[in-house]
Each structure stands twice: as C-alpha cells, then as structure tokens.
Amino acid sequence: MAIITIVTDFGTEDYFAGTIKGVMLSRNPRAVLVDITHTIPPHDILAGAFTLGAFYPYFPPGSIHLAVVDPGVGSDRRPLVVEAGGHLFVGPDNGLFSIIFDRDPAARVRHTTNSEYFLPARSSTFHGRDIFAPVCAALSLGVVPERFGPIVTDPVRFEFTQVEVAPDGTMLGSIIHVDHFGNCITNFAWDQIRERSRGRTLSLQVRELVIDRLLTHYGEASGQPLEPFLIPGSAGFLEISFWCSSAARQLNVAAGEPIRLLVR
Amino acid sequence: MAIITIVTDFGTEDYFAGTIKGVMLSRNPRAVLVDITHTIPPHDILAGAFTLGAFYPYFPPGSIHLAVVDPGVGSDRRPLVVEAGGHLFVGPDNGLFSIIFDRDPAARVRHTTNSEYFLPARSSTFHGRDIFAPVCAALSLGVVPERFGPIVTDPVRFEFTQVEVAPDGTMLGSIIHVDHFGNCITNFAWDQIRERSRGRTLSLQVRELVIDRLLTHYGEASGQPLEPFLIPGSAGFLEISFWCSSAARQLNVAAGEPIRLLVR
Amino acid sequence: MAIITIVTDFGTEDYFAGTIKGVMLSRNPRAVLVDITHTIPPHDILAGAFTLGAFYPYFPPGSIHLAVVDPGVGSDRRPLVVEAGGHLFVGPDNGLFSIIFDRDPAARVRHTTNSEYFLPARSSTFHGRDIFAPVCAALSLGVVPERFGPIVTDPVRFEFTQVEVAPDGTMLGSIIHVDHFGNCITNFAWDQIRERSRGRTLSLQVRELVIDRLLTHYGEASGQPLEPFLIPGSAGFLEISFWCSSAARQLNVAAGEPIRLLVR
C-alpha cells in the first residue's frame, strides 16, 4: 500500500488537483491518494512549508508527500525528491521543504533530472502534472530516489522557524500562520518555551498589546470572547487565541507580524 | 473493507483534516477514508448534526462516521462512541449526534475513556487527531465498542427537529440549514407533512411572507427566479427554494429563523 | 480496480457529495472514488464542460466520470451514459459533455431509462444521488452501457470551443474559463494557433487592450506584475496571464468575454 499525500495551492474549483490524481492513478492504480489541502494561499511558499511540517509526522513511514506551491514553474528552479525522517517528499526547490530540513539534518535531497519518469509531453506551466505527479507514482512503485538525479547540497531553505534572542532575554519571533479558526501560530516551539518558562511568567507582545494569560485548552476561556490568551498549539508552537472568535481579526494581524516573548 | 467518513469544521486550508487522515492510515493502512465535508461553519454543532443525519443512511451498514465540531475540546465534555442504526459514530458529546438518537431510540452510547487507544502524546486542543481518529482506526480494525468505555445514558441532545403544534393546528418550526444553493431546509419532515396535507393546501409563513406554491422539482419554476416555492427536499424535509437563485438571500434569512406551517 | 471521478457544483459544505459517495460505496465497496471538484459555480454547465475536458484524458482508460451540474434536475432532461475516447461519462443531457463529443465523433450516448439500476426511492431534486451515482456503481461492477437504455443521437451540445474566422483572418473567440489564479483561458486551441503563428506575430485584443507578448512560462514575466502576457496553458488553450496576479481582476473580465486574435 503506497500512500501519496497531496498539498497544493491549486484551489479546489479547477481541474488541476484532479488531473494530478489521474496521472498518478494511471501509473499506479493501487496508490492511496490523500488530499491534505489544495487551498494554500496562491504562491505562499511559507504557508505550504508550515502545513507540510505539521501533518507529515502523523503519516506512516514510507509515505510520499507531493507538495506543489510553485510560482517559479517553468523557470530553472529545480524539481526535488527529498528523503527525510523516513518519508519521501516531492516538489519544487523554493523553500517548501524548510521545516523538513530543520527536523532532519541528514535529509538527502536530489535534483530530479531523469525525464524518463516525466510525462512525455510537458507544459511549462504545470509541472505538478507533468513532472511531480509521475515522479511520485514512480516512487510509489518502488523506484529508488537515486534513479531520479544527482544529490543537491544547497536546497533553498527559509529560516522562518528561527527565533532571535535579544541580550535582555526577550525572544523575537513572528506569527507564521493564521489557521481556519483565526488562531495565530507563532514560531516559538512549545517544547523550548515550556522548559524556559517553568515556574515563571510568559508574556507575549504583539503590536501594543501584552498577553500573559496562558491556558491549556480553549474551554478555559469559555464565555470570554474578548480576552486574548496564549495556548500550546497542536502543531507544536505557541498560539494566540480568542474563545470562539478569530484572534487574527480581533488583533488585526496576519502571517509575518513580528512578536516578542518575555519570560520573567 | 472498513469505511471511515469524516465530517468536521476544520476548514480545508489547514493541516487538520490531513493530520487525522494520517493518524488513521498509520494505524489501519487499509481503511477507506471518505471526506464528507470539512466546512461545517466553525463551532456550528447543529449544522454538523444536520449534515450527519443527511448522509449516513446512504453508507453501507458497519461504516464508521467521525464527526468533529468541538468547541469544548480539552474541557470535560465526553468523547463518545455511538452504535446506532447499524452504523458507528465517533465524536464529542455536545449534541452532534442528536438526529442519530432521534432515528434510533436503541442507540448505545459509550464514554471513550480507555486511553490505550489514544495517541500517546495528547494535546488539549486537537482531540480529533489525538483521541477520535485513533479510536476510529481501532474500530475499523475490529475492536468492539465495549472496549472503549462505559455506557452513557444522558448524552447531550438537541430537539431541533421537533415541531410544536399550536392549538389551531399551525405547526411552529424553524429553518435548520441553508445549503450551498441557498435552499432553506425546514424541520418539517416531509413524511409527516405529506400525510397531513393530502388533498389540502400547505402554506408556510416566513417573516411577513406566505408561500403556498408546492412543487415537486426545481424545473417547474423555470424562468420565474423571483417566486419562492416549497419543495420536498432530498434530506427528507420541506425546503423553501427559488429557481436558480438563493432563497436565503432573497428572503434574508438564516438557520434559526422561526417559521409557521398551516394545512387547510 | 474501478476508478470513479466526481465533478459537481454541489459545494463542499453540504451532505451532497458525501451522500453520492455513500451510494456508490454501498453498491461497490471496492470502487476508488476520486474527488475532482465540487465547486463548479452553481448551475454553470460551461464551466463543468471545460473542467471535464481538461482532466479526463489524464485518467486511465476505462475510468468512469460522474458529472453533475444539473439545473434541470427533475424535469424531462435525459440522464445519460456516454462512451467516448475509452472512458465512460455519466450525467445530465444539458451540454456538460460538449467537449467530450468534440474530441470523439464516435461517442456513443445512451438515455438512462432502466430504473432497475436507480435507488428504489427517488427524489425529484437529487438525481446525483438517486440515478447517476447508482448507475456509476453499476458500470464500475461491469454492467455494460447497453443495459441502461437506448441510443441518443441528438444530445445537447454547446459549440463554445468553436472559433469564428473573419474574412480578414481575425479569429473571433471568447474567454471560456477563469482559473483559481485568475488566468483567463480562451477557446483558441494552442495546437491550431501554433501552426498558424510560426514565424509570425500573435496579438490578442480583449476590450481596448492589445496583448502581443507570448511567453512559454510564468517565470519569464518575473518582477513585472502589471504586464499582461499570452501563454500556452496546461489545458491546451491559449491563456491570458499576469505574473503572480489575477488577469481576470486586472482586466476586469469574466468567462464569456469576447476576444479577437490576429496573426500577422
């Protein structure tokens, strides 16, 4: 049973996602295709990278993850096959795999050059269909990564989960994602914050607002829809939330907003 | 072949739905996962309950239905496993299963307490991933409901499909759902209305408007986009519709709007 | 392994798509169901026809394609089974299969009248569930098209991919689709344009604007978000695009907009 997950910014209203499913099923009718999302904001590589990092660990080892957020399609940006953490990843070399590389320093990255695995007729605008999908199908049939092309040592990589620590101990970070419920996900990894904050007080500053209420579940804020709080989020990062309302809208912030965290 | 359907308010743009699929496929790679919808309006338990009631009878007996609309996640609301009508249902105890209970008075409901079936590391904000998905996977592998926990005799239950009958015979109900096309679904079950209205005239009052045109298919109203009509809907309830336009927008109503039905 | 793809205008927030999946899995639990899209604009038959034409060739021969954009549901419009190009298509007789008929003049079309394959209880508003889905399930189990009903020789057919050529050689066409990225897909098939434009200059007029920059991939326009260009699109038609922005919004046009193409 070969599992292929699919993350794209194709939207759900077009033929794009359906077409890449057809290509994969034409080459491996037994592949199990799993839609993750097709509504990464168009061309938003960071949102794609965040999403990929959040779901893939929950799939079985050996799963293949197809990720297409690809504003540089048709240019000389490299198509990649990545082996990391026991999983396989296929997509463009534009930073999409940044969190994968953070998690597994031993990741092996290859430039997919072997056109024998591509569709015979290739467009310059839809490599998801013409290159990435057939490469995933080949991987799902057992073709080894070595077959696709040479090792890449300098894949594009964003450091957006990196946190800077100021001399006074303030951690300088940012909101890296706003989810469907309006929760604002920061780049402060809860594993690290928890250690440093044991028995002390966390306070997070976003614009002029200081938030120092730390909850463990949304229900603790029940009935207080106008009070922001911090919460360890399910993707492993500290989040800013409001009870049953959108933190992003309440605070008027979006991904990219700088924030500061003090532990006292 | 174990079928697991998935209904959530997670939205389609995040990692949430993909993650619960990964959890289930990690534990049962042969499970057949079926997306029903991930765009129940956030925290709208009634919309989730209506949707669940509308689709599940069309699945084969033995199917497992995962329903997560869960504003109380992390609080003491109980996670449930429900056996009803030959199907299995998994989700929070907050009214989501109201229509299931209406349909099968012999439904058996269990409080899912046996953490041996949960993910080892659990968050307080994502029980869909950490509790409900692995419980579904276990059910799909043949674990019997008894294993998950004790019987619950007082599950949360909304009476939103109940219709009140006034002394003069007027039925007092409400719009319980607005669908993608803007059709307004009432809580008047067509099976019951049909009996009472044979050879008589139905008239439905919504706000100041009285609608007494009853059609059997949309096409009968062809070319009359400004005339409301009643129609027995595909979910088994009487609906208010306009031809090729949104009844909800035309009438400026939403779920919850009270309505009155007269049979004369 | 029987593959059934699904294209509808049902939206993703309702029980409609889930219900037809349940009907098909109830009758053939081994069918592989593939969501293409459920967000064809409501009642937009042309958008459905375009989408169907764009993805089906990428599926394996023998695939079954269920297409439901059906404003005439319940009226006397005929339900069809179409055999064309090695694929099977199921849906209403309203023009949805126009491009399929363009591609395969030998297409065999049948009026689905044999109610033995329908759901026993049928509504007048949801033939996707009651007629089309069980017919697809029967086809996936090997029932031959002949079983469903008599040949139709006059299916509804739109000529929307036809291009008119004026006496001076100007080609008169239209925008037939706007995709998720805002690219405007014209009805000028690139195969035909390429021949005629070899060594000559293409210029496309939309409203008052003349566009004569022809690129082969989006990246060539990198950094020039305000300059429209033409590009051979992945569906096989000439497209109007802007780099990282919506051509439809920039030009304020929608599907149906007339355009003129000159080759000099």
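Protein chains in written order, with my numbering: chain L, -8 to 255; chain B, -8 to 255; chain A, -8 to 255. Backbone N, C-alpha and C define an ideal beta-carbon position, used for all residues, glycine too. Keep in mind it's a predicted model, so treat the numbers as computed, not measured.
Name the DSSP beta bridge partners of residue i, please?
i: Val23(A); result: Ile(-6)(A)
i: Ser236(A); result: Phe233(A)
i: Pro70(L); result: Pro83(L)
i: Cys175(A); result: Val169(A) and Ile231(A)
i: Ile142(B); result: Arg101(B)
i: Phe155(B); result: The question names Phe, but residue 155(B) in the sequence shown is Glu. Leu163(B), per the DSSP bridge assignment.
i: Ala257(L); result: Shown here, chain L extends from -8 to 255; a query on residue 257(L) therefore has no answer.
i: Thr28(A); result: Val(-2)(A)
May I have the straight-line CA-CA distance separating residue i from residue j, to the nearest angstrom?
i: His56(B); j: Met162(B); result: 33 Å
i: Glu230(A); j: Gln196(B); result: 50 Å
i: Val154(B); j: Arg113(A); result: 25 Å
i: Ile36(L); j: Asp61(L); result: 8 Å
i: Phe46(B); j: Ala8(A); result: 9 Å
i: Asp145(A); j: Phe117(A); result: 24 Å
i: Val134(B); j: Pro125(B); result: 11 Å
i: Gly164(A); j: Pro223(A); result: 16 Å
i: Ala141(A); j: Val25(A); result: Correcting the residue type first, residue 141(A) is Pro in the shown sequence and not Ala. In a straight line, the C-alpha of Pro141(A) is about 28 Å away from that of Val25(A).
i: Val(-2)(A); j: Val(-2)(L); result: 20 Å
i: Ser188(A); j: Glu248(L); result: 49 Å
i: Asp5(A); j: Phe233(A); result: 34 Å
i: Pro83(L); j: Arg68(L); result: 7 Å
i: His208(L); j: Arg148(L); result: 33 Å
i: Arg138(A); j: Pro96(A); result: 22 Å
i: Phe92(L); j: Pro48(L); result: 13 Å
i: Val254(L); j: Phe1(B); result: 32 Å
i: Arg251(A); j: His171(L); result: 42 Å
i: Glu107(A); j: Ile90(A); result: 30 Å
i: Glu211(L); j: Arg240(L); result: 21 Å
i: Ala(-7)(L); j: Gly214(L); result: 46 Å
i: Pro111(B); j: Pro32(A); result: 44 Å
List the endpoints of the continuous beta strand (DSSP E) containing residue i.
i: Gly164(B); result: Met162 to Val169
i: Val100(L); result: Arg99 to His102
i: Val254(B); result: Pro249 to Val254
i: Leu221(L); result: Phe220 to Pro223
i: Ile55(L); result: Ile55 to Val59
i: Ser89(A); result: It is not in any beta strand (DSSP E) - Ser89(A) instead sits in the alpha helix (DSSP H) that spans Ser89 to Arg94.
i: Val197(A); result: Leu193 to Val197
Is residue i near residue j, with beta carbons less than 8 Å apart?
i: Asn178(L); j: Ala238(L); result: no
i: Ile11(A); j: Arg185(A); result: no
i: Ala256(L); j: Leu43(L); result: This structure cannot settle anything about residue 256(L), because the visible part of chain L is limited to -8 through 255.
i: Gly77(A); j: Ala40(A); result: no
i: Pro52(L); j: Leu16(B); result: no
i: Glu74(A); j: Arg99(A); result: yes
i: Val81(B); j: Val72(B); result: yes
i: Val143(B); j: Arg191(B); result: no
i: Thr30(A); j: Thr3(L); result: yes
i: Asn243(A); j: Ser131(A); result: no
i: Cys235(L); j: Pro216(L); result: yes
i: Ile122(A); j: Pro70(A); result: yes
i: Leu206(A); j: Leu193(A); result: no
i: Ile176(A); j: Ala245(A); result: no
Along the chain, where does the alpha helix (DSSP H) that runs through residue i open and close?
i: Phe7(A); result: Phe7 to Arg18
i: Gly82(L); result: Where Gly82(L) is concerned, there is no enclosing alpha helix (DSSP H), although the beta strand (DSSP E) it sits in stretches over His78 to Pro83.
i: Gln183(A); result: Trp181 to Ser188
i: Ala45(B); result: Ile36 to Phe46
i: Ala124(A); result: Ala124 to Ser131
i: Ile202(B); result: That residue, Ile202(B), is in no alpha helix (DSSP H); its beta strand (DSSP E) goes Leu200 to Ile202.
State yes or no: is the beta carbon of residue i nearer than 8 Å to at least one beta carbon in chain C?
i: Ile91(L); result: Given the protein chain composition of this structure (L, B and A), no chain C is represented.
Open item on the list: Closer than 7 Å between beta carbons: that is the criterion. Which residues of the stretch 50 to 68 of chain L meet it against chain A?
Closed with: If the cut-off is 7 Å between Cβ atoms, the stretch 50 to 68 of chain L has Pro62, Gly63, Val64, Gly65 and Ser66 near chain A.
Task: Contacting positions in the stretch 131 to 154 of chain A - beta carbon closer than 7 Å to chain B - done: Cβ contacts with chain B come from no residue of the stretch 131 to 154 of chain A.
Task: Short-range partners of chain B found in the stretch 158 to 173 of chain A, where Cβ spacing is below 9 Å - done: From the stretch 158 to 173 of chain A, no residue has a Cβ closer than 9 Å to chain B.
Task: Proximal residues, the stretch 101 to 114 of chain B versus chain L, C-beta separation under 8 Å - done: Answer set for the stretch 101 to 114 of chain B: Ser114.
Task: Residues in the stretch 25 to 43 of chain A having any Cβ partner in chain L nearer than 9 Å - done: Using a CB distance below 9 Å, the part of the stretch 25 to 43 of chain A facing chain L consists of Val25, Asp26, Ile27, Thr28, His29, Thr30, Ile31, Pro32, Ala38, Phe41, Thr42 and Leu43, ordered along the chain.
Task: Proximal residues, the stretch 0 to 16 of chain B versus chain L, C-beta separation under 7 Å - done: Of all residues in the stretch 0 to 16 of chain B, only Phe1, Gly2, Thr3, Glu4, Asp5, Tyr6, Gly9, Thr10, Lys12, Gly13, Val14 and Leu16 place a beta-carbon less than 7 Å from a beta-carbon of chain L.
Open item on the list: Tell me which residues of the stretch 187 to 214 of chain A have at least one Cβ-Cβ distance to chain L shorter than 9 Å, keeping chain order.
Closed with: From the stretch 187 to 214 of chain A, only Leu206, Thr207, His208, Tyr209, Gly210, Glu211 and Ser213 have a Cβ closer than 9 Å to chain L.
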